[in-house]
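Trainee: Take this structure first; my questions come after.
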Amino acid sequence: MRVHLQKIILYNFKSFCGEVIIGPFQPFTTIIGPNGAGKSNIMDAISFVMGEKISSLRVRRLNDLISKKSDGTLMTHSAHVTVIFEIEGRSKEFTRGIHNSSNVYKINKQVVKVEFYKHKLASLGINIKSKSFLVFQGNIEAMCITSPKEISIMFDEISKSAELKSEYERLKNKMHEIDLDLRHIIQKRKCLLTEKKRLLIQQQEAEEYNLLQEEYHDKKTELQLFRLFHIRRELHDLKLLWNDNISKMNKYDDEKKSAEIILEQKKKKYFEVINQETMMENNLITIDLQQTHQTMQLVAAKEKISHLQQKIPFIRTSLTKAHLADEVHNKTMKDLQKELTKIEVLKMNLTQSVSSELESQGSNMELDNAQVKEYYLLKGTVQRECVKFTKNLNVLRHDQENDQNKLDNEKRKKIEVEDKKKKLQFMLKETEKRLERLEQYVIKTEVTLTDQKNMEHNLETDITQNKIAIEEMEVELDKITNKLNDITIDKFTVSREYQKLNTITILKDLFPEVYGRLFTLCKPIHERYNIAVTKVLWKYKDAIIVKTEKVAKQCIEYLKRQQISVETFLPLDSLKIQPFNDQLKNNLSDMIYPKTVQFLYDVIEYFPKEISNAISFVTKNTLLCETSEDARKVAYENHLNDRYTCVALDGSYYQKSGIISGGSFDLSAKSAIWKDKQIQEMKLRKVALIEKIKKASKCIRKQSELNTMNSEILSLTNKLKYSRIDVDNIKKQIVDFKQEIENIDHQLISIFNNIESIEKIINKRYNKIQDIENQICNVEDRIFSVFCRSINIANIRVYEKGRLRIYGEQKKRECELENQYNCIKNALDFEKHYNTKDEIEKYEIAVQAAEEQLKIALEEESVITDIVDKQKDELKELRHIHTNIKTEVIKMKNEVAQCRHQIGIIAKLILETRRERTIIEVKIKQKKIEMNNIFKSCQMEDIIIPMSHQNNLNNSPWVSSINTSSSNTEQSEDGIFSKINFSFLLYELQIINGDQFDNVKTQLLKNISTIQNKLDSIPAPNLKAGENLELICKKLDAINKTLKDTRNTAHIARNKFTRVKEERISRFMKCFDYLTFHIDYIYKYLLNNMSAQATLVPYNPEEPYLDDINYSCIVPGKRFHFLSSLSGGEQVLAILTLLFAIHRYEAAPFIILDEIDAALDKINIVNVVNFIRSNLDLMYFITISLKKELFVNADGFIGVTARQEQEIVESSVFLLSFESYGSKSNN
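The opening position of the sequence shown corresponds to residue 1 in UniProt numbering, with each subsequent residue numbered one higher.
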């Protein structure tokens, strides 16, 4: 089917306003135009009409594709792009429009759905997903960095094998799941067959086990009946002892009450004396504080006196200086008056001397005046003729005079500034020396003050802390004493524990590898586990843990030689440790009910860690449960049909062999061993607290030392305060001096520079003045020639230097004397107005005020000193009274202590009696609990005790809840014993006395233990093996049927997957083989060289779409390279080869190339043009280019221009076809 692109119609699309028709297209059409004119908008229009997404069209919203007016608003609310194809001589239109912010799709002006629209385009070979017919600007560069995996994905899309990807993965996952199910079913069938064999063996073992267990129950019944018979006898004896103890206790109580009355009377008197002592101590503290306050005031007064004593000499010095200034002032006035008289005399002498000098030269004052008059007339003529010279000369002389004045002034300033600098430097050195001395004093004072403050702070802190600590320690001591008094331990127990402690101490000293007794090295992690741990560990609680068996033998040999009691040893190196059952641990995690099951080993805390083997040995694999019912279910009725040793928190113990035991109250008493450590620690703590209280009491007595230290600190603080003020003032003076010296240095530099520059200017100007004076002299010689001959002189300058000079000097001297006279007169007037008497009067008043302040300060010091001495005497008298009261307190305290001692003796007798009664009560409780435990154990183990009158004691509520209170010793146990039929007990066992009881009981237990060992040696039988065997057989039948069905399902799934896999491989390889062949052909054509090669190699030949596809080329004259290793131009040609091959495979009617020649040189562009022209019979080529080498070879042009109005660009197009100009060869 032949399909050609005919026209494209744009309506209000982007920069194309109104309707713009582009076409008809030639087989090879080039779009040209300046940048920004809208060439790429034509590309966007074609992508838009072919169904491309909005995000790929360089806009965010659909409405952004509509043309805009000059003000930025939309030109209209609709736009569309129409592409017209010529198909077998007939036209077909495809239109995509925008109407009210939504897409509209049309085919031949008929509205269709988007799916149908894209399907029709695909039937023409236009696949918008692969975009093989659209090569946007920058696509070539982007594809140059394409990875092999991305090439594989692209081929998957082009070949349409990706359409089968979801079905392929679904069937593959389904097949994998069925295979897993099949393997699981086969494994489950194997497990069931194994379980069937195991259950057959267990069924035989269960029958043997039941016979042995019946024998065990008979022996157990005999033992429990024997124990109950002798418990009844012992309870009768204990009740008689308890009654005797009650009468003795009443007697001691009466004696204690009488002693307590006497004690209360003594304590009342004692507290009265204590109150007097407290009041006296408060008075002492108050007076002590007042004395401290007065002492501080005394120190302040002394500091003030010291300051005034230093201030008065300073003011007197200032007064002396004021007197000296007054004397200098008077002397200056006298000197000025003398100078004034002297100048008047000089003026008279000057007139006489000038007259005599003129007469000696043959002249007189009157003649000289005539010559001078004539001279000035001629001089006026000279000045008129030399007005120009004179003017310049005056200016120069005036400037010279000013500069000379400046130079003199600068030299004078230089001398003054240098003198000032010397004075400041001397003052700076003296001030720095003073500062150094003062800083050393401040540092020394600060160190002393810091030490004093630290000592004061430490002392005060110690006193405060010790007071608080004493209160806290006394409270803690009372608590410990009360706790220790409440603890009742019989003497026999204390003696026995002491012997055990002594034994282990000796062994540790002799043998370093002895760790200690088991119960001292470990403890439960929480009190709630005490009873359960005690139940399991009780047998080995006193066992001694040693490192090796050799050490154990050495200890045993030593105990034999010393005839010390028998001990049990646990050597860590030879214990047969039962390893933890990992399968059991996993089963515990899978257990649904009960959840709170754990190994007993995990709730025991032990130290050191080396004894872990001993803990494992005594606990074995025992499990810990919350309740007795949970322990029973886990031990015998678990889901694994196996037996385990379990213990409950209340002490119920279910052994693997079937033996069950309890006794919670007895275990509660036994579990107290874990508290023995706390009792010992409390005793040690009590002794330590008493010692600490004694030490802390000594520290509190240092309060007077603290008060003295505070006074010293106050004095040092005041001294340091004034010294620091002086240091700050001196530092400010030094800074001011340094700043002033620095300013003077800058001033001197400026003065030196000024002097140098002024001298240069004066010398230069002097030469100019000499030149002008010579010119003036020539004029003077001409005009003064007659005058000079008349007075017989060579030239006028001789006259000026002689007679005229004398005349001028006389006038000048008169002016100078007049000026000196005026200056001295002004200075004399100034001195008359300057008053030095005020300064003298001011300093005299200051001296008087300071002396008055010193007198007042001395009087205050005297008053404060008297007060301090008076307070010292009063304090001494109060301390004497306090000592007498304290002696009375000690006396009363001794009397109270004596009464307490007497009460203590009685209390010890009461305590001893109470302990004896407690021991009797405990023994009664123990016997009753032992009896209760026997009944409970019988009930748990299904042991039936023979009863008279067919009574079953096992169902009695007394068994499950027994009241062990001493006030109910006459409880119904007698009635219970009367219901038991002891005639079943052999007579030989009834007449056994107390000495033989333990031996007989041991023998009975040994018989039971023998049977129990046999039971333990037999693995716990599965009593439900028969029932389980039937269930296993049924499960095997069901699983065989499931296995057959699953195999059929797996076969069907594998066939479906194989079909989809083959179809996917077929599609992919069809595309791959086509592209592999054409890529090499096209690459040779583009490079115009048959030695060039382009190849595609899949990494996974069996299923290439699952892995990478490698694209490589061989450029003529170079070796093999992957795509990423080629140069820029070579990569562009390789990508163009791939794109042209893909376009041939999909057979689209046209291809649009946007600036593909950007990275190509002229030769490669010519090769590309030749390839395009050779394939014009297969498809239409539309290129966007700015390079002449490409667009001059096209069949036609589409020119794009733009007109910009404000910020809106409006594009226009024009078409030019070369058909009217003939073929290219004729052009």
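Note that beta-carbon positions come from the ideal geometry of N, C-alpha and C, so glycine has one too.
Quick caveat, the model's predicted, so the values are computed rather than measured.
When burial is assigned at 16 or more other CB atoms within 10 Å of the CB, is C17 buried or exposed?
Mentor: Flag for C17 reads buried.
Trainee: What is the DSSP secondary structure of C815, counted as helix, strand or coil?
Mentor: Three-state result, C815: helix.
Trainee: To the nearest angstrom, report how far apart A631 and S652 are at their CA atoms.
Mentor: Each residue's alpha carbon lies about 8 Å from the other.
Trainee: So I1039 packs on I178, CB below 8 Å; how close in whole Å?
Mentor: No, I1039 and I178 are not in contact; Cβ-Cβ is about 16 Å, not under 8 Å.
Trainee: Inspect the beta-carbon positions of A45 and V104 and report whether they are closer than 8 Å.
Mentor: It is not a contact, given that the beta carbons lie outside the stated cut-off.
Trainee: Return the CA-CA distance between I285 and Y529, expressed in angstroms with no decimal places.
Mentor: Distance between the alpha carbons of I285 and Y529 is about 57 Å.
Trainee: Pop quiz: A614 and L518 are said to be a contact at Cβ under 8 Å. What is the actual Cβ separation, rounded to whole angstroms?
Mentor: Yes, A614 and L518 are in contact; Cβ-Cβ is about 7 Å, under 8 Å.
Trainee: Consult DSSP for G516 and reduce its assignment to one of helix, strand or coil.
Mentor: It is a strand residue.
Trainee: So for M473, helix, strand or coil by DSSP?
Mentor: M473: helix per DSSP, three-state reduction.
Trainee: DSSP puts P524 in a beta bridge; with which residues?
Mentor: Looking at the DSSP assignment, P524 forms a beta bridge with I604.
Trainee: Buried or exposed: where does Q950 fall if 16 or more other Cβ atoms within 10 Å of its Cβ makes it buried?
Mentor: Low confidence applies to Q950: its pLDDT is 49, below 50, so where it sits in the model is not reliable enough to give any reading.
Trainee: Rounded to whole angstroms, what's the CA-CA distance from F997 to L1005? Just pull it up for me.
Mentor: Those two C-alpha atoms are separated by around 12 Å.
Trainee: DSSP beta-bridge partners for I87?
Mentor: Answer is V3 and R90, bridged to I87.
Trainee: Would you tell me roughly how many angstroms separate the C-alpha atoms of I1109 and I1065, rounded to the nearest one?
Mentor: Each residue's Cα considered, the two are about 14 Å apart.
Trainee: Taking the alpha-carbon of A696 as reference, which of K467, N894, P594 and M709 has the nearest alpha-carbon?
Mentor: Ranking K467, N894, P594 and M709 by Cα distance to A696 puts K467 first.
Trainee: Thinking R227 and I924 are a contact (beta carbons under 8 Å), I'd like their distance in whole angstroms, please.
Mentor: Not a contact, Cβ separation roughly 16 Å.
Trainee: Shortest alpha-carbon distance to F784 belongs to which of L378, Y1074, T1002 and S161?
Mentor: The candidate whose alpha carbon is nearest that of F784 is L378.
Trainee: Going straight from the alpha carbon of I1184 to that of I1165, what length do you get?
Mentor: Those two C-alpha atoms are separated by around 13 Å.
Trainee: Taking the C-alpha atoms as reference points, what is the distance between S15 and G1199?
Mentor: Their backbone Cα atoms lie some 14 Å apart in a straight line.
Trainee: I believe T865 touches L298 by the beta-carbon criterion, under 8 Å. Please report the beta-carbon distance rounded to the nearest angstrom.
Mentor: Indeed they touch by this definition, with Cβ atoms about 6 Å apart.
Trainee: If you count every other CB in all the chains shown that lies within 10 Å of the CB of T1010, and 16 or more means buried, which is it?
Mentor: So T1010 counts as exposed.
Trainee: Return yes when the Cβ of L319 is within less than 8 Å of the Cβ of I840, no when it is not.
Mentor: Result yes, Cβ atoms of I840 and L319 sit closer than 8 Å.
Trainee: Out of P1104, A122 and L65, which one is the CA nearest neighbour of N100?
Mentor: Nearest option by C-alpha distance: L65.
Trainee: So for A1202, helix, strand or coil by DSSP?
Mentor: Residue state, collapsed to three classes: strand.
Trainee: In chain order, what residues of the same chain lie with their CB nearer than 7 Å to the CB of S1091, ignoring the 5 residues before and after it?
Mentor: The answer, listed in chain order, is P1116.
Trainee: Specify, as a first and last residue, the run of the beta strand (DSSP E) that G904 falls within.
Mentor: Unbroken run through G904 is the alpha helix (DSSP H), K837 to M940; no beta strand (DSSP E).
Trainee: Determine the direct distance from the alpha carbon of K1041 to that of F1140, and round the result to whole angstroms.
Mentor: About 59 Å.
Trainee: Going by the CB atoms, is the gap between Y270 and I906 shorter than 8 Å?
Mentor: No, the Cβ-Cβ distance between I906 and Y270 is not below 8 Å.
Trainee: State buried or exposed for S565, treating a residue as buried only when at least 16 other CB atoms are found within 10 Å of its CB.
Mentor: When all chains shown are included, S565 counts as exposed.
Trainee: With 16 other CB atoms within 10 Å as the buried threshold, where does Q939 fall?
Mentor: So Q939 ends up on the buried side.
Trainee: Would you report the Cα separation of I9 and I21, rounded to the nearest angstrom?
Mentor: Approximately 5 Å, taken between the alpha carbons.
Trainee: Could you give the distance in angstroms between the alpha-carbon of residue 1249 and the alpha-carbon of E921?
Mentor: This structure cannot speak to residue 1249, because the chain is shown only from 1 to 1227.
Trainee: Within 10 angstroms of the Cβ of T596, are there 16 or more other Cβ atoms? Answer buried if so, exposed if not.
Mentor: Per the 10 Å Cβ criterion, exposed.
Trainee: May I ask you to report which of helix, strand or coil DSSP gives K620?
Mentor: Reduced to three states, the DSSP call for K620 is coil.
Trainee: So, helix, strand or coil for L1138, using DSSP?
Mentor: In the structure shown, L1138 sits in a helix (DSSP, three-state: H, G or I).
Trainee: Taking its Cβ as the centre, do 16 or more other Cβ atoms sit within 10 Å of C823, making it buried, or is it exposed?
Mentor: Answer is exposed; the Cβ neighbour count stays below 16.
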